[in-house]
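Numbering (the numbering used here) for the sequence shown: 4 to 137.
Note that CB positions come from ideal geometry on N, CA and C, so glycine has one too.
All of these numbers come straight from a predicted model, not from anything done at the bench.
First comes the structure, then the notes that go with it.
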Amino acid sequence: MAQTRLEDTGRLVLRVTLGGLMLLHGISKLRHFETIPSLVKGHLPAFVGYGVLFGEVVAPILIIIGFATRWASAVFAFNMVVAVGLAHSSDVFKLGRSGGSAIELQLLYFFGAIAVLLLGPGELSVTKGKGRFG
4 MAQTRLEDTG RLVLRVTLGG LMLLHGISKL RHFETIPSLV KGHLPAFVGY
54 GVLFGEVVAP ILIIIGFATR WASAVFAFNM VVAVGLAHSS DVFKLGRSGG
104 SAIELQLLYF FGAIAVLLLG PGELSVTKGK GRFG
């Protein structure tokens, strides 16, 4: 029983950290409304920008509260693949100033989302880890 509670607490910490950090990033994009114009300038359709905002605002909120967590994590992970492809493709095989990968933050977000996808929300969530929307 205590081990399960500890695991659920770990899932909560992972969900809140991953979702919270990305949510702040997404809110910043909403406040400055830079996403859609920059995508259009790069010859991409405007609707892609709405997908970015969904992946960086709505999906993180769902992850934090633990509703449709696995689905939201899949959207989040896909969002990170698209972000690397669109904005960081030239950095994939580069080292950053600190000696780590130049895309280490994007990799951390991606694999964090994969971990949440695999682990699920746990008991400390809106769905209590049960049901179709867990």
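>> Assuming N82 and G58 are in contact, meaning their beta carbons sit under 8 Å apart, how far apart are those beta carbons, in whole angstroms?
In response: For the purposes of this step, residue 82 is taken as residue 79 along the sequence shown, with counting starting at 1. For the purposes of this step, residue 58 is taken as residue 55 along the sequence shown, with counting starting at 1. Confirmed, about 3 Å.
> Taking the alpha carbon of F96 as the point to measure from, which residue in G115, A105 and L17 has its own alpha carbon closest?
Replying inline: For the purposes of this step, residue 96 is taken as residue 93 along the sequence shown, with counting starting at 1. Measuring from the Cα of F96, the nearest candidate turns out to be A105.
> Looking at the structure shown, is S104 part of a helix, part of a strand, or coil, going by DSSP?
Replying inline: Within the sequence shown, numbered from 1, the residue matching residue 104 stands at position 101. In the structure shown, S104 sits in a strand (DSSP, three-state: E or B).
>> Going by beta-carbon coordinates alone, are S128 and G69 separated by less than 7 Å?
In response: On the sequence shown, residue 128 is found 125 positions in, with the first residue counted as 1. On the sequence shown, residue 69 is found 66 positions in, with the first residue counted as 1. Yes; because the gap between Cβ atoms is below 7 Å, this pair is in contact.
>> Quick check: G125 and D11, are their CB atoms within less than 7 Å of each other?
In response: Taking the first residue of the sequence shown as 1, we reach residue 125 at position 122. Taking the first residue of the sequence shown as 1, we reach residue 11 at position 8. Cβ distance < 7 Å, so G125 and D11 count as in contact.
> CA-CA distance, F6 and L15?
Replying inline: Numbered from its first residue, the sequence shown carries residue 6 at position 3. Numbered from its first residue, the sequence shown carries residue 15 at position 12. A small fix is needed here, since residue 6 is Gln in this sequence, not Phe. Distance between the alpha carbons of Q6 and L15 is about 14 Å.
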